[in-house]
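Encoded as structure tokens, the structure appears first; notes follow it.
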Amino acid sequence: GAVVSQHPSRVICKSGTSVKIECRSLDFQATTMFWYRQFPKQSLMLMATSNEGSKATYEQGVEKDKFLINHASLTLSTLTVTSAHPEDSSFYICSAMTTGGDGSAATGELFFGEGSRLTVL
Amino acid sequence: RKEVEQDPGPFNVPEGATVAFNCTYSNSASQSFFWYRQDCRKEPKLLMSVYSSGNEDGRFTAQLNRASQYISLLIRDSKLSDSATYLCVVNKWGYQKVTFGTGTKLQVIP
Numbered sequence: 005g006a007v008v009s010q011h012p013s014r015v016i017c018k019s020g021t022s023v024k025i026e027c028r029s030l031d032f033q034a035t036t037m038f039w040y041r042q043f044p045k046q047s048l049m050l051m052a053t054s055n056e057g058s059k060a061t062y063e064q065g066v067e068k069d070k071f072l073i074n075h076a077s078l079t080l081s082t083l084t085v086t087s088a089h090p091e092d093s094s095f096y097i098c099s100a101m102t103t104g105g106d107g108s109a110a111t112g113e114l115f116f117g118e119g120s121r122l123t124v125l
Numbered sequence: 616r617k618e619v620e621q622d623p624g625p626f627n628v629p630e631g632a633t634v635a636f637n638c639t640y641s642n643s644a645s646q647s648f649f650w651y652r653q654d655c656r657k658e659p660k661l662l663m664s665v666y667s668s669g670n671e672d673g674r675f676t677a678q679l680n681r682a683s684q685y686i687s688l689l690i691r692d693s694k695l696s697d698s699a700t701y702l703c704v705v706n707k708w709g710y711q712k713v714t715f716g717t718g719t720k721l722q723v724i725p
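Chains A and B, in that order, give the protein sequences.
My numbering puts the first residue of the first sequence at 5, with every later residue one more than the last.
My numbering puts the first residue of the second sequence at 616, with every later residue one more than the last.
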């Protein structure tokens, strides 16, 4: 099946610094990627939908200026947590959906990255 | 009303038991349905897609009821390794609108 790679898997940073997380679709083109956050023992929460070549669509309550999303190519989306604070510590996961434009079957299935665990000290 | 609703559980069942989860969705235009499994501190992984005719994969059976707008997952002969959170995912294709349920936690007990 399709593969989505997320990097880094773990990151620890100091409060006030910025952290960038990359999400790559390795063997398919992903017009749309999704970013989620998951706090311990809670469900996945969609943060934003990232569309290649255009601005991301953020869910209500998610700060655009704090969580910068860039989707510059069909295989890469990045999430930058700016001026991170301890309350931003969480598990961040990306997912991508195949579009079918590159010959792969467009099934609506989501393929997830391995997740990035952010700890802000 | 949430777009996709699941009973959060936990469902505590003994090994070998049969357990079923339901997931209701509110958008009748939804087109694709999936069950994902998420282990603790890991990313969700696709368990199975849900087709209109119903589908089975080993001990797992998924069904779709469009009239009542719900999907179900049945697990037979539960194993300890089935312990996880099961996420219902509904996709309104074409609009790239993917909605997750909050997940149902299953704990299989020896």
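C-beta atoms are modelled at their ideal positions from N, C-alpha and C, and glycine is treated no differently.
Bear in mind the structure is a predicted one, so any value in this text is a computation, not a measurement.
Chain-order list of residues whose beta-carbon lies under 8 Å from that of residue i (same chain, five-residue window excluded)
i	result
Ser77 (chain A)	Glu56
Gly631 (chain B)	Asp692 and Ser693
Thr86 (chain A)	Ser22, Asp69, Lys70, Phe71 and Leu72
One or two residues paired with residue i in a DSSP bridge
i	result
Thr123 (chain A)	A:Ile16
Asp672 (chain B)	B:Phe675
His89 (chain A)	In the DSSP output, where bridge partners are listed per residue, His89 (chain A) has none listed.
Ala6 (chain A)	BP columns for Ala6 (chain A) are empty, so no partner.
Phe116 (chain A)	A:Ser99
Glu620 (chain B)	B:Thr639
Phe626 (chain B)	B:Leu721
Ala699 (chain B)	B:Leu721
Leu661 (chain B)	B:Tyr651
Separation of residue j from residue i, as counted between CA atoms
i	j	result
Ser19 (chain A)	Gln10 (chain A)	22 Å
Cys655 (chain B)	Gly718 (chain B)	12 Å
Val180 (chain A)	Leu83 (chain A)	The requested residue 180 (chain A) is not part of the displayed model; chain A covers only 5 to 125.
Pro623 (chain B)	Thr102 (chain A)	29 Å
Gln42 (chain A)	Phe648 (chain B)	22 Å
Asp672 (chain B)	Leu661 (chain B)	12 Å
Cys17 (chain A)	Met49 (chain A)	22 Å
Lys659 (chain B)	Tyr40 (chain A)	Residue identity differs from the one stated: residue 659 (chain B) is Pro in this sequence, not Lys. Roughly 11 Å separates the two Cα atoms.
Thr21 (chain A)	Phe95 (chain A)	17 Å
Glu91 (chain A)	Gly669 (chain B)	43 Å
Arg28 (chain A)	Phe115 (chain A)	11 Å
Lys4 (chain A)	Ser683 (chain B)	Because chain A here runs from 5 to 125, residue 4 (chain A) falls outside it and cannot be looked at.
Glu118 (chain A)	Ser99 (chain A)	9 Å
Thr61 (chain A)	Pro725 (chain B)	45 Å
Minimum Cβ-Cβ distance from residue i to chain C less than 8 Å
i	result
Ile97 (chain A)	Structure shown: chain C not included; protein chains present are A and B.
Below-8 Å beta-carbon distance, residue i vs any chain A residue
i	result
Thr719 (chain B)	no
Val713 (chain B)	yes
Phe636 (chain B)	no
Val619 (chain B)	no
Phe626 (chain B)	no
Phe649 (chain B)	yes
Val723 (chain B)	no
Minimum Cβ-Cβ distance from residue i to chain B less than 8 Å
i	result
Phe116 (chain A)	yes
Glu113 (chain A)	yes
Gly20 (chain A)	no
Gly119 (chain A)	yes
Same chain, Cβ closer than 7 Å to residue i, neighbours up to 5 away in sequence not counted
i	result
Val634 (chain B)	Phe626, Val628, Ile690, Ser693 and Leu721
Ala699 (chain B)	Arg652, Gln653, Asp654 and Leu721
Close Cβ partners of residue i (< 6 Å) along its chain, the five nearest in sequence each way excluded
i	result
Ser664 (chain B)	Phe649
Glu26 (chain A)	His11 and Thr82
Leu30 (chain A)	Val7 and Ser9
Arg14 (chain A)	Arg121
| Contact set between the region 47-59 of chain A and chain B, restricted to residues whose Cβ is under 9 Å from the partner | Ser47, Leu48, Met49, Leu50, Thr53 and Asn55
| query | In chain order, what residues of the region 654-666 of chain B put their CB closer than 8 Å to some CB of chain A? | reply | Arg656, Lys657, Glu658, Pro659, Lys660, Leu661 and Ser664
| Members of the region 23-38 of chain A near chain B, C-beta cut-off 9 Å | Thr35, Thr36 and Phe38
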